[in-house]
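Heads up, the thing below is written out as structure tokens.
There are 2 protein chains.
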Amino acid sequence: MKNPGRVFLVGAGPGDPDLLTVKAVRILNQADVVVYDRLVSTEIRKLIPETTRLIPVGKAPNCHPVPQHEINRILIHEALQGHTVARLKGGDPFVFGRGAEEALDLACAGLSVEVVPGISAAQGCSATTGVPLTHRGLASGVRFVTGHSREGRPLELDWDGLADPDTTLVIYMGTTNIKNISAQLIASGLSRRTPVLAINNGTTPSERRLKTDLNSIAENLDREQFSGPVLFIIGRVVNLLGSLNDHRRRTPFVQPSTPQVDIYV
Amino acid sequence: MKNPGRVFLVGAGPGDPDLLTVKAVRILNQADVVVYDRLVSTEIRKLIPETTRLIPVGKAPNCHPVPQHEINRILIHEALQGHTVARLKGGDPFVFGRGAEEALDLACAGLSVEVVPGISAAQGCSATTGVPLTHRGLASGVRFVTGHSREGRPLELDWDGLADPDTTLVIYMGTTNIKNISAQLIASGLSRRTPVLAINNGTTPSERRLKTDLNSIAENLDREQFSGPVLFIIGRVVNLLGSLNDHRRRTPFVQPSTPQVDIYV
Chain P
275 MKNPGRVFLV GAGPGDPDLL TVKAVRILNQ ADVVVYDRLV STEIRKLIPE TTRLIPVGKA
335 PNCHPVPQHE INRILIHEAL QGHTVARLKG GDPFVFGRGA EEALDLACAG LSVEVVPGIS
395 AAQGCSATTG VPLTHRGLAS GVRFVTGHSR EGRPLELDWD GLADPDTTLV IYMGTTNIKN
455 ISAQLIASGL SRRTPVLAIN NGTTPSERRL KTDLNSIAEN LDREQFSGPV LFIIGRVVNL
515 LGSLNDHRRR TPFVQPSTPQ VDIYV
Chain G
275 MKNPGRVFLV GAGPGDPDLL TVKAVRILNQ ADVVVYDRLV STEIRKLIPE TTRLIPVGKA
335 PNCHPVPQHE INRILIHEAL QGHTVARLKG GDPFVFGRGA EEALDLACAG LSVEVVPGIS
395 AAQGCSATTG VPLTHRGLAS GVRFVTGHSR EGRPLELDWD GLADPDTTLV IYMGTTNIKN
455 ISAQLIASGL SRRTPVLAIN NGTTPSERRL KTDLNSIAEN LDREQFSGPV LFIIGRVVNL
515 LGSLNDHRRR TPFVQPSTPQ VDIYV
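Chains P and G, in that order, give the protein sequences. Each residue of the first sequence is one higher than the one before, counting from 275 in the working numbering. Each residue of the second sequence is one higher than the one before, counting from 275 in the working numbering.
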């Protein structure tokens with residue numbers, strides 16, 4: 275019997291191939307087989323050598339072409355053949371990636387797993403939009419939440435805890451439930467005027483942005499008809515949009531540590 | 275007058291040079307001058323060409339050799355000389371990096387700033403320890419908080435909101451205040467037995483780990499006498515420590531989606 279191959283759970287980052295880590299690129303170049311998600315961009319797949327076998331196991335919302343247990347089975351099967359397997363996942367495998375479920379199944383099968391972190395969508399979108407996730411006087415911390423609920427079930431979140439004006443709230447996979455999410459946050463005490471930035475296809479050439487507030491996000495998002503993933507950044511930091519990128523407009527300007535800032539985008 | 279140079283705020287990641295992004299490496303190779311923090315590892319500095327000018331502006335807790343306004347002045351001065359400036363910061367510049375303060379000052383001076391995200395310490399430590407930041411049935415989200423308060427001031431956090439057993443809590447820069455933090459979380463309703471993982475020098479060859487619980491973290495940390503940065507991961511996911519990395523121990527094993535798991539590390 276062959277020695278089993280190693281499995282790497284690799285974060286592909288938010289879409290821009292430049293945001294892959296050095297380690298991720300090296301593993302993609304050395305792997306015998308790459309098992310990849312729908313969220314892994316075409317540009318990133320182009321970095322993989324042509325001789326490498328590619329197995330797509332893409333997931334779309336409410337549509338799972340390859341069930342999780344089948345993905346796990348593929349990974350185990352390939353590793354047991356002695357292949358070096360790269361399991362390439364959008365973002366970071368340990369932030370909403372279900373990476374730990376795959377890793378646990380692999381470990382159960384006696385296989386060695388190594389995790390390579392990736393830039394998460396929140397970080398990628400923060401960098402391209404110039405909206406920091408934390409900022410003195412505006413946000414003392416940041417919170418990543420999934421807005422996706424399991425099939426048909428209501429979204430159960432700690433709304434009171436989430437409605438903290440001093441924390442930046444980032445919602446992943448929230449498009450379907452954004453009306454409910456914004457209503458619950460307002461009902462729990464966040465101001466209707468809390469700024470919201472929705473970023474579609476963040477860090478890719480097709481990145482689009484919508485700046486609005488909690489009160490109007492659901493209605494405005496309907497109008498935009500974004501296709502592809504949308505990330506929501508909610509909180510005062512959103513008011514910094516435009517402050518970093520457009521240096522021609524000098525005033526009015528934001529003073530660091532000022533709780534309220536003017537918007538001039 | 276020369277055309278001003280570009281400034282890049284570059285995330286250096288958690289320490290391991292392999293976790294730099296491709297973009298960060300390219301910018302470090304092209305920059306005329308690199309202005310770097312104390313948290314940027316020696317291994318990463320070694321990647322910078324010998325001909326590149328290096329300016330250290332390291333900050334240690336309660337000891338700021340170069341004040342923030344002076345750092346900003348250096349960046350502006352260098353860029354106005356026409357130099358391409360890489361401002362290299364530990365982790366991600368927009369997660370507790372004060373990156374936005376620097377970027378705003380640069381934008382105020384009419385300079386162009388580009389932000390390159392980095393792997394944050396939470397992600398790096400999550401990958402090396404095999405403790406995911408989110409996991410079905412254990413943590414529906416993750417929250418990054420700073421445990422550092424401004425000089426002499428008490429730590430003002432939304433303790434009730436933080437005491438959510440369904441969210442993984444990651445504390446950056448919390449060593450000094452960990453006794454207060456753990457006491458407040460317990461007082462706000464988190465179980466004393468909530469598992470805590472303290473990671474010292476995460477992702478570097480000198481990484482050390484301490485697994486304990488909220489009740490004992492302050493006392494146990496005192497005993498360890500860690501030097502260098504410490505990150506705290508608090509929540510049920512910490513019980514997965516050891517499950518992924520040591521594949522020789524097959525049972526007892528964690529069932530995905532099981533709220534309580536056995537520890538066998």
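Where a beta carbon is used, it is the ideal one built from N, C-alpha and C, also for glycine.
Strand pairing of residue i, partner residues [DSSP]
| i | result |
| --- | --- |
| residue 409 of chain P | P/413 |
| residue 282 of chain G | G/360 and G/388 |
| residue 482 of chain P | P/474 |
| residue 507 of chain P | P/444 and P/471 |
| residue 295 of chain P | G/295 |
| residue 418 of chain P | P/444 and G/416 |
| residue 487 of chain P | P/469 |
Within chain G, the residues that residue i reaches when beta carbons sit closer than 7 Å
| i | result |
| --- | --- |
| residue 415 of chain P | 417, 418, 419 and 420 |
| residue 401 of chain P | 368, 389, 390 and 391 |
| residue 299 of chain P | 296 |
| residue 355 of chain P | The premise fails here: residue 355 of chain P is roughly 17 Å from chain G at the closest Cβ pair, so nothing lies under 7 Å. |
| residue 458 of chain P | Per Cβ cutoff of 7 Å: no residues; residue 458 of chain P is ~14 Å from chain G at best. |
| residue 398 of chain P | 391 |
DSSP-derived helix/strand/coil call for residue i
| i | result |
| --- | --- |
| residue 327 of chain G | strand |
| residue 425 of chain P | coil |
| residue 288 of chain P | coil |
| residue 365 of chain G | strand |
| residue 311 of chain G | coil |
| residue 277 of chain P | coil |
| residue 524 of chain P | Because the pLDDT of residue 524 of chain P is 37, which lies under 50, any placement of that residue in the model is unreliable, and the number read from its coordinates should be weighed accordingly. Note: residue 524 of chain P maps to coil in three-state DSSP. |
| residue 353 of chain P | helix |
| residue 372 of chain P | coil |
| residue 496 of chain G | helix |
| residue 396 of chain G | helix |
| residue 515 of chain P | coil |
| residue 345 of chain P | helix |
| residue 383 of chain G | coil |
| residue 401 of chain G | helix |
| residue 302 of chain P | helix |
Whether residue i touches residue j by CB criterion (9 Å)
| i | j | result |
| --- | --- | --- |
| residue 432 of chain P | residue 463 of chain G | no |
| residue 308 of chain G | residue 362 of chain G | yes |
| residue 381 of chain P | residue 389 of chain P | no |
| residue 507 of chain G | residue 444 of chain G | yes |
| residue 488 of chain P | residue 466 of chain P | yes |
| residue 474 of chain P | residue 484 of chain P | yes |
| residue 279 of chain G | residue 313 of chain G | no |
| residue 469 of chain P | residue 497 of chain P | no |
Proximal residues of chain P, C-beta to C-beta of residue i below 9 Å
| i | result |
| --- | --- |
| residue 316 of chain G | What residue 316 of chain G touches in chain P: nothing, since even the nearest Cβ is about 17 Å away. |
Within chain P, partners of residue i - CB distance below 8 Å
| i | result |
| --- | --- |
| residue 295 of chain G | 287, 292, 293, 294, 295, 296 and 393 |
| residue 432 of chain G | 435, 438, 440 and 441 |
| residue 464 of chain G | Here the premise fails: no neighbours, minimum Cβ distance about 12 Å. |
Listed by chain order, chain G residues near residue i by CB distance under 8 Å
| i | result |
| --- | --- |
| residue 370 of chain P | 408 |
| residue 490 of chain P | Within chain G, no residue comes near residue 490 of chain P; the closest Cβ sits about 24 Å away, beyond 8 Å. |
| residue 514 of chain P | 374 and 378 |
| residue 502 of chain P | Within chain G, no residue comes near residue 502 of chain P; the closest Cβ sits about 19 Å away, beyond 8 Å. |
Listed by chain order, chain P residues near residue i by CB distance under 7 Å
| i | result |
| --- | --- |
| residue 505 of chain G | Near residue 505 of chain G there are no residues of chain P at all, since even the closest Cβ is about 13 Å away, more than 7 Å. |
| residue 364 of chain G | Under the 7 Å cutoff, chain P gives no residues; its nearest Cβ is about 14 Å from residue 364 of chain G. |
Neighbouring residues, chain G, relative to residue i (Cβ below 9 Å)
| i | result |
| --- | --- |
| residue 476 of chain P | Result: empty, since nearest Cβ-Cβ is about 11 Å, beyond 9 Å. |
Note down, one range per segment and in chain order, each alpha helix (DSSP H) of at least 4 residues found wholly within the stretch 428-475 of chain G. 433-436 and 452-461
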